[in-house]
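These protein sequence lines are chains R and G, in that order.
Reminder that position 50 of the first sequence reads as 49 in numbering that gives the first Met the number 0, one-by-one numbering, no gaps.
Reminder that position 276 of the second sequence reads as 275 in numbering that gives the first Met the number 0, one-by-one numbering, no gaps.
All residues carry an ideal CB built from backbone N, CA and C; glycine is no exception.
What you are looking at is a predicted structure, and each value in this text was computed from that prediction instead of being measured.
There are 2 protein chains.
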Amino acid sequence: MQATFFPGVGVNAADMSDFEAVTSRVRERVDPTTAERERLRDAADRLVSRVEDALADLDVDADVVRVGSTARGTWVRGDRDIDVFVRFDADLPREDLERLGLAVGNRVLPDGHEEYAEHPYVKGSFEGYDVDLVPCYRVADATKIQSAVDRTPFHNAYLVERLTEDLAADVRLFKQFLKGIGAYGSDLRTRGFSGYLTELLVLEYGGFEEALDAAANWHPQVVLDPEDHGTREFDDPLVVIDPTDPERNVAAVVSPEQVARVQHYARRLLADPREDVFFPEEPEPLTPADVERHLARRGTSALAVRFETPDLVEDQLYPQLRRSREGLVRGLEDAGFDVLRSAAWADDVSILFVELASGTLPAIERHDGPPVHVEEHATGFYDAYANEDVYGPFIDGDRYVVERERETRTAVAFADERLPEVALGARVASLVEDGEYDVLADEEVAVLAEPFGAAFARYFDPTP
Amino acid sequence: MQATFFPGVGVNAADMSDFEAVTSRVRERVDPTTAERERLRDAADRLVSRVEDALADLDVDADVVRVGSTARGTWVRGDRDIDVFVRFDADLPREDLERLGLAVGNRVLPDGHEEYAEHPYVKGSFEGYDVDLVPCYRVADATKIQSAVDRTPFHNAYLVERLTEDLAADVRLFKQFLKGIGAYGSDLRTRGFSGYLTELLVLEYGGFEEALDAAANWHPQVVLDPEDHGTREFDDPLVVIDPTDPERNVAAVVSPEQVARVQHYARRLLADPREDVFFPEEPEPLTPADVERHLARRGTSALAVRFETPDLVEDQLYPQLRRSREGLVRGLEDAGFDVLRSAAWADDVSILFVELASGTLPAIERHDGPPVHVEEHATGFYDAYANEDVYGPFIDGDRYVVERERETRTAVAFADERLPEVALGARVASLVEDGEYDVLADEEVAVLAEPFGAAFARYFDPTP
Numbered sequence: 000m001q002a003t004f005f006p007g008v009g010v011n012a013a014d015m016s017d018f019e020a021v022t023s024r025v026r027e028r029v030d031p032t033t034a035e036r037e038r039l040r041d042a043a044d045r046l047v048s049r050v051e052d053a054l055a056d057l058d059v060d061a062d063v064v065r066v067g068s069t070a071r072g073t074w075v076r077g078d079r080d081i082d083v084f085v086r087f088d089a090d091l092p093r094e095d096l097e098r099l100g101l102a103v104g105n106r107v108l109p110d111g112h113e114e115y116a117e118h119p120y121v122k123g124s125f126e127g128y129d130v131d132l133v134p135c136y137r138v139a140d141a142t143k144i145q146s147a148v149d150r151t152p153f154h155n156a157y158l159v160e161r162l163t164e165d166l167a168a169d170v171r172l173f174k175q176f177l178k179g180i181g182a183y184g185s186d187l188r189t190r191g192f193s194g195y196l197t198e199l200l201v202l203e204y205g206g207f208e209e210a211l212d213a214a215a216n217w218h219p220q221v222v223l224d225p226e227d228h229g230t231r232e233f234d235d236p237l238v239v240i241d242p243t244d245p246e247r248n249v250a251a252v253v254s255p256e257q258v259a260r261v262q263h264y265a266r267r268l269l270a271d272p273r274e275d276v277f278f279p280e281e282p283e284p285l286t287p288a289d290v291e292r293h294l295a296r297r298g299t300s301a302l303a304v305r306f307e308t309p310d311l312v313e314d315q316l317y318p319q320l321r322r323s324r325e326g327l328v329r330g331l332e333d334a335g336f337d338v339l340r341s342a343a344w345a346d347d348v349s350i351l352f353v354e355l356a357s358g359t360l361p362a363i364e365r366h367d368g369p370p371v372h373v374e375e376h377a378t379g380f381y382d383a384y385a386n387e388d389v390y391g392p393f394i395d396g397d398r399y400v401v402e403r404e405r406e407t408r409t410a411v412a413f414a415d416e417r418l419p420e421v422a423l424g425a426r427v428a429s430l431v432e433d434g435e436y437d438v439l440a441d442e443e444v445a446v447l448a449e450p451f452g453a454a455f456a457r458y459f460d461p462t463p
Numbered sequence: 000m001q002a003t004f005f006p007g008v009g010v011n012a013a014d015m016s017d018f019e020a021v022t023s024r025v026r027e028r029v030d031p032t033t034a035e036r037e038r039l040r041d042a043a044d045r046l047v048s049r050v051e052d053a054l055a056d057l058d059v060d061a062d063v064v065r066v067g068s069t070a071r072g073t074w075v076r077g078d079r080d081i082d083v084f085v086r087f088d089a090d091l092p093r094e095d096l097e098r099l100g101l102a103v104g105n106r107v108l109p110d111g112h113e114e115y116a117e118h119p120y121v122k123g124s125f126e127g128y129d130v131d132l133v134p135c136y137r138v139a140d141a142t143k144i145q146s147a148v149d150r151t152p153f154h155n156a157y158l159v160e161r162l163t164e165d166l167a168a169d170v171r172l173f174k175q176f177l178k179g180i181g182a183y184g185s186d187l188r189t190r191g192f193s194g195y196l197t198e199l200l201v202l203e204y205g206g207f208e209e210a211l212d213a214a215a216n217w218h219p220q221v222v223l224d225p226e227d228h229g230t231r232e233f234d235d236p237l238v239v240i241d242p243t244d245p246e247r248n249v250a251a252v253v254s255p256e257q258v259a260r261v262q263h264y265a266r267r268l269l270a271d272p273r274e275d276v277f278f279p280e281e282p283e284p285l286t287p288a289d290v291e292r293h294l295a296r297r298g299t300s301a302l303a304v305r306f307e308t309p310d311l312v313e314d315q316l317y318p319q320l321r322r323s324r325e326g327l328v329r330g331l332e333d334a335g336f337d338v339l340r341s342a343a344w345a346d347d348v349s350i351l352f353v354e355l356a357s358g359t360l361p362a363i364e365r366h367d368g369p370p371v372h373v374e375e376h377a378t379g380f381y382d383a384y385a386n387e388d389v390y391g392p393f394i395d396g397d398r399y400v401v402e403r404e405r406e407t408r409t410a411v412a413f414a415d416e417r418l419p420e421v422a423l424g425a426r427v428a429s430l431v432e433d434g435e436y437d438v439l440a441d442e443e444v445a446v447l448a449e450p451f452g453a454a455f456a457r458y459f460d461p462t463p
């Protein structure tokens, strides 16, 4: 690889590989500045004091732990999250924990609001930072947890103990890489890599480049067990046994597609290091004319089912959209349509988008019956169709065949009439039951460039 | 079953089942009349004398055997075939057998012409009968034959010895049944049941109704071995070991479809005896307008490849047409088209006819690559397409996928441009190589109602 001189990088670029040169420039962009670190540390200290004061005022027996990336030095420049956990005694009744947790939260973050994970907590703002103030139980070890959030302090302790400055810096690189390729986040829209998982992988492999090297060569199922204490089997393509819980796969949410994406970009980045993998340009949103032109060029038939986006959090919305899209695709395929690709996008409205080889099928469909020699079935088949308005039953090879009238000849008719038959996400299903959706086909879908122009851009230029 | 009175049948109809009543009427139509039998016997006797005289004149040591259905009393009324075999000594050189055989033939049938099976023979007319005069070798048993025709006298002797009057009558019924359903004949167009096979089945099962009962319950592979001496395994759906040759399957040519057809009609005839199974009406040929109306009703796309029928005997022509049709269908399917049904018909012109769900496909085709984790293949796939004018490679599930330009978007373009790529019968292939064919699509195929109106009628009303 050719060494290149990059002024202003602060390292003698002539000594660096392309990979080092690129990552060095990325580090310059993702490492928090000294001023940022100091501001954050000071703000966090004041926040923790406020929480401790509130606990004292309320005469509550609990301690305070900072967790998350800003507690471990693994945050990417510009992140403004401070996570504070308040640990209550393990035998405090659940309703007391919830009540006291909210009381402390509301006192510390008077402008905050309540959110709900496994139990309620307070989210608010403090000196310009986004703060989560979460009550949990103080348990002996992570296998004794009463609620998923009780695990977080153990994760924090495990990582704080092991992440050196250099490893923390590599975690930032890896996070930015995952963000750049769209694989960062364990939310159910992304189904990608959580911060904790990213940190474990850098720890396990010993650095960012080492993690890329490993990922480039993964043969799923990949199983990592840093503490060598796993007790269960998993079906997931990537398994990273939680060092604080032998029964938990930290990577359970990661989809096969995200594993493949990481492998793809790991190889690309190692073979041809480029900064834009970390900081990709947003695609130019397509106009309606662009969408029409793409469809015409592809010679396909488009179908969109449009409805008002259900009022759900993203972790409920996106699984329902995915399920609905898969249900629509399977329904169309079962009805004889050839689906090339599909997508589901949400804004104020949501759409299930399907691209078909053809939106129209013949009036008849071929239906193969049993071999003639399977007497009972064969006779049953023949008798069932002999007096129906079908072509046949006739004999093809050793089987009976009929060509019968197709129930649904167009994809639009399928979407108009048979959508309630398919497996849909719950809220989408109830909209569909009530007829609260409309169907667009072919050039009609072009209007969806507003608001989905960027999504269409990625759809029609999908090269990763 | 309800007994019915059929006047004129010559049996007390009140005592008969529907099945007996129907077959009794069929017997009336297929049994040769007494006058016919006598005329045939007399003519055959005179013919054999003429052959013996010719052998004496030529001073040749050979004997004369009458074979075939008219020799065994199993012919169907109106058949006018007399088969005479001249058996020469087994050590006569082949060229002498051929020379002497033709000499005798030409002397007995001065208006005849030479035909060629495994060796030449003379075909001609005698007192209004169609005569085959075939030279063969007189061998000790059928396993010692020097040519396939040497086997025939053994078949004849085997059957003459065993076929009673009643069984011979049932053979006639079975033959007419097979003729009626289109399954009679071991030629390579029909791929059905030969006369000899029909006779063996009636012998083996003990009658026509018994053979139908058996066929209705066949579970292919069906193996019959009347002499219990078979020494080989066969792949064919129906295996009847030749009583005169343990290594030969008499039913080798019977297609799975013809086995299924016999099973189907056997069940129908037993369940609902009808004379028209034996004597079906020819369908009314379709007009061009009929063909157009059918295609419009079916909503399909039609494609026909038309060429002058190669000058071949039927046993060569039809296998070549079948192979060509199968090659075209496979080629279209490999190119992404969905074929509903196909046919191949011959007259002065021949056509390969294909009915498609759609004659036009999208401009792009989806091409799935390897899973991303199969590093070498995956990287090879990515590199091969990364700079091509395709959509992708993108990641779908755990795989790379591209959508690339489809080579051939229409079935017509496939037939115009890519027909030489597919597996065709030899003579069809050379016509295609020379561009000596044309392609008709959709409503253009309607003109083929001339001369294929009857074939179209069966195609669009295929219920057996």
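* Asked: Sorted by chain position, which residues of the same chain lie with C-beta nearer than 8 Å to Val50 of chain R's C-beta, five sequence neighbours on each side aside?
  -> Along the first sequence, one-based indexing puts residue 50 of chain R at 51. Cβ within range, chain order: Val63, Val83, Val85, Val103, Val107, Leu132.
*Hey, is Pro369 of chain G close to the ligand PLP, as in C-beta under 7 Å from one of its heavy atoms?*
This structure simply doesn't include the ligand PLP, nor any ligand for that matter.
By DSSP's criteria, Ala303 of chain R is part of a beta bridge. Which residues make up the other side? As a position in the first sequence, residue 303 of chain R is number 304, starting the count at 1. Ala303 of chain R pairs with R:Phe352, R:Leu439.
Per DSSP, the bridge partner or partners of Pro134 of chain G: Taking the second sequence and counting its residues from 1, the one referred to as residue 134 of chain G is at position 135. Under DSSP, Pro134 of chain G forms a beta bridge with G:Val85.
Handout entry: the region 217-232 of chain G touching the region 179-193 of chain G, judged by at least three CB pairs closer than 8 Å
Key = no
- Own chain, CB closer than 6 Å to Val290 of chain R, minus 5 neighbours either side, in chain order: Residue numbering aside, residue 290 of chain R sits at position 291 when the first sequence is read from its first letter. Closer than 6 Å at the Cβ level, and outside the excluded window around Val290 of chain R, lie Ala445, Ala448, Phe455.
Worksheet entry | Residues near Ile144 of chain R by beta carbon distance below 6 Å, same chain, minus five either side | On the first sequence, residue 144 of chain R is found 145 positions in, with the first residue counted as 1. Around Ile144 of chain R: Val138, Arg150.
Please list, in chain order, the residues of the region 258-276 of chain G that have any C-beta partner in chain R closer than 8 Å. Here the close residues are Val258, Ala259, Arg260, Gln262, His263, Arg266.
Next on the checklist: Is the beta carbon of His366 of chain R closer than 8 Å to that of Phe400 of chain R?
Outcome noted: As a working mapping, residue 400 of chain R is identified with position 401 in the first sequence. As a working mapping, residue 366 of chain R is identified with position 367 in the first sequence. The sequence given here places Val at residue 400 of chain R; Phe does not occur at that position. Yes. Within cutoff.
task = May I ask you to list, following chain order, the residues of the region 332-358 of chain G that have a beta carbon less than 9 Å from some beta carbon of chain R?
result = Gly335, Asp337, Leu339, Arg340, Glu354, Leu355, Ala356, Ser357
Q) Can you give the beta carbon distance from Leu237 of chain G to Val253 of chain G, rounded, assuming they're within the 8 Å contact cut? A) On the second sequence, residue 237 of chain G is found 238 positions in, with the first residue counted as 1. On the second sequence, residue 253 of chain G is found 254 positions in, with the first residue counted as 1. Right, their Cβ atoms sit about 5 Å apart.
Counting only the same chain and skipping the five closest in sequence on each side, list residues whose C-beta sits under 6 Å from that of Val222 of chain G.
On the second sequence, residue 222 of chain G is found 223 positions in, with the first residue counted as 1. Here the set comprises Val238.
Where Ser218 of chain R meets chain G, residues with beta-carbon distance less than 9 Å: Position 219 of the first sequence, counted from the start, is the residue given in the question as residue 218 of chain R. Checking the sequence shown, residue 218 of chain R turns out to be His, not Ser. Correct list: His372, Val373, Glu374.
Whose C-alpha, out of G:Val373, G:Asp395, G:Arg28, is nearest the C-alpha of Ala215 of chain R? Along the first sequence, one-based indexing puts residue 215 of chain R at 216. Nearest C-alpha to Ala215 of chain R: G:Val373.
Q) According to DSSP, what are the bridge partners of Ser185 of chain G? A) Counting from 1 along the second sequence, the entry for residue 185 of chain G is found at position 186. As far as DSSP is concerned, Ser185 of chain G takes part in no beta bridge.
- Task: Could you tell me whether the region 155-173 of chain R touches the region 63-78 of chain R, where touching means 3 or more Cβ pairs closer than 8 Å?
- Result: yes
- [ ] Starting from the beta carbon of Pro392 of chain G, find every residue of chain R whose beta carbon is closer than 7 Å, and list them in chain order.
- [x] Position 393 of the second sequence, counting from 1, holds the residue named residue 392 of chain G. Those within 7 Å of Pro392 of chain G in chain R are Thr462.
Same chain, Cβ closer than 8 Å to Glu307 of chain R, neighbours up to 5 away in sequence not counted: As a first step, residue 307 of chain R is located in the first sequence; it is residue number 308 there, counting from the start. For Glu307 of chain R, where only same-chain residues beyond five positions count, the Cβ hits under 8 Å are Asp347, Val348, Ser349, Leu430, Glu435.
* To do: Starting from Ala362 of chain R, find everything on chain G with Cβ-Cβ shorter than 7 Å and list it in chain order.
  => Along the first sequence, one-based indexing puts residue 362 of chain R at 363. Result: Arg296, Arg297, Gly298.
Just checking: is the beta-carbon of Asp281 of chain G within a distance shorter than 8 Å of some beta-carbon in chain R? Walking along the second sequence from the start, residue 281 of chain G turns up at place 282. Looking at the sequence provided, one finds Glu at residue 281 of chain G rather than Asp. No, no contact with chain R.
Review point. Do we get a CB-CB distance below 8 Å when we pair Gly67 of chain G with the residues of chain R?
Key: Here residue 67 of chain G is taken as the residue at index 68 of the second sequence, counted from 1. No, its Cβ sits nowhere closer than 8 Å to a Cβ of chain R.
- With a threshold of 16 other CB atoms inside 10 Å of the CB of Thr243 of chain G, please say whether the residue is buried or exposed. Within the second sequence, numbered from 1, the residue matching residue 243 of chain G stands at position 244. With 16 or more Cβ atoms within 10 Å of its Cβ, Thr243 of chain G is classed as buried.
**Study point:** CB of Pro284 of chain G within 8 Å of CB of Gly123 of chain G, strictly
**Key:** Here the question's residue 284 of chain G lines up with position 285 in the second sequence. Here the question's residue 123 of chain G lines up with position 124 in the second sequence. No, the Cβ-Cβ distance between Pro284 of chain G and Gly123 of chain G is not below 8 Å.
Taking the beta carbon of Ser48 of chain R as the centre, do at least 16 other beta carbons fall within 10 Å, making it buried, or is it exposed? Your numbering for residue 48 of chain R matches position 49 in the first sequence. Classification of Ser48 of chain R: exposed, given that the 10 Å Cβ count is below 16.
- Query: Should the region 246-265 of chain G be regarded as contacting the region 286-304 of chain G, the criterion being three or more beta carbon pairs within less than 8 Å?
  - Reply: The region 246-265 of chain G, when compared against the region 286-304 of chain G, does not touch it at the 8 Å Cβ threshold.
Inset, instruction - Check each candidate in G:Asn105, G:Glu97, G:Val130 and name the one with the smallest Cα separation from Glu117 of chain G. - result: Reading the second sequence from its first residue, position 118 is the one you call residue 117 of chain G. It is G:Glu97.
Say whether chain G places a C-beta atom closer than 8 Å to the C-beta of Gly104 of chain R.
Taking the first residue of the first sequence as position 1, residue 104 of chain R is located at position 105. By this cut-off, Gly104 of chain R is not an interface position.
Between R:Ala440, R:Ile240, R:Glu432, R:Asp388, which has its C-alpha nearest Ala412 of chain R's C-alpha? Numbered from its first residue, the first sequence carries residue 412 of chain R at position 413. The shortest Cα separation from Ala412 of chain R among R:Ala440, R:Ile240, R:Glu432, R:Asp388 belongs to R:Ala440.
Checklist entry - Tell me which same chain residues have a C-beta within less than 7 Å of the C-beta of Thr230 of chain R, skipping the five on either side of it? => result Locating residue 230 of chain R in the first sequence gives position 231, counting from the first residue. Closer than 7 Å at Cβ, skipping near neighbours: Pro245, Glu246.
- [ ] Would you please verify whether the beta carbon of Gly452 of chain G is less than 8 Å from any beta carbon of chain R?
- [x] Taking the first residue of the second sequence as position 1, residue 452 of chain G is located at position 453. Not closer than 8 Å to any Cβ of chain R, the Cβ of Gly452 of chain G fails to qualify, so no.
Which word fits Glu19 of chain G, buried or exposed, when buried means at least 16 other C-beta atoms lie within 10 angstroms of its C-beta?
As a position in the second sequence, residue 19 of chain G is number 20, starting the count at 1. Buried: at least 16 other Cβ atoms inside 10 Å.
**Message:** So within the region 240-326 of chain R, which uninterrupted alpha helix (DSSP H) runs reach at least 4 residues, ignoring any that extend past its ends?
**Reply:** 255-270, 287-297
Worksheet item: Quick one: is Met0 of chain G near chain R, going by C-beta distance under 8 Å?
Response: As a first step, residue 0 of chain G must be located in the second sequence, where it is residue number 1. Caution is warranted here: a pLDDT of 37 is assigned to Met0 of chain G, below 50, making its placement in the model unreliable, and the coordinate value is therefore given only provisionally. At a cut-off of 8 Å, the C-beta of Met0 of chain G has no neighbouring C-beta in chain R.
Next on the checklist: Tell me which residues share the same chain as Lys178 of chain R and place their Cβ nearer than 7 Å to its Cβ, disregarding the 5 neighbours each side in the sequence.
Outcome noted: Along the first sequence, one-based indexing puts residue 178 of chain R at 179. Excluding residues within five positions, none has a Cβ falling inside 7 Å.
Q. Alpha carbon to alpha carbon, how far is Tyr381 of chain G from Asp395 of chain G?
A. Walking along the second sequence from the start, residue 381 of chain G turns up at place 382. Walking along the second sequence from the start, residue 395 of chain G turns up at place 396. Cα-Cα distance, rounded: 13 Å.
* To do: Using DSSP bridges, identify the partner residues of Gly123 of chain R.
  => Sequence index remark: in the first sequence, residue 123 of chain R carries index 124 (1-based). Per DSSP, R:Val130.
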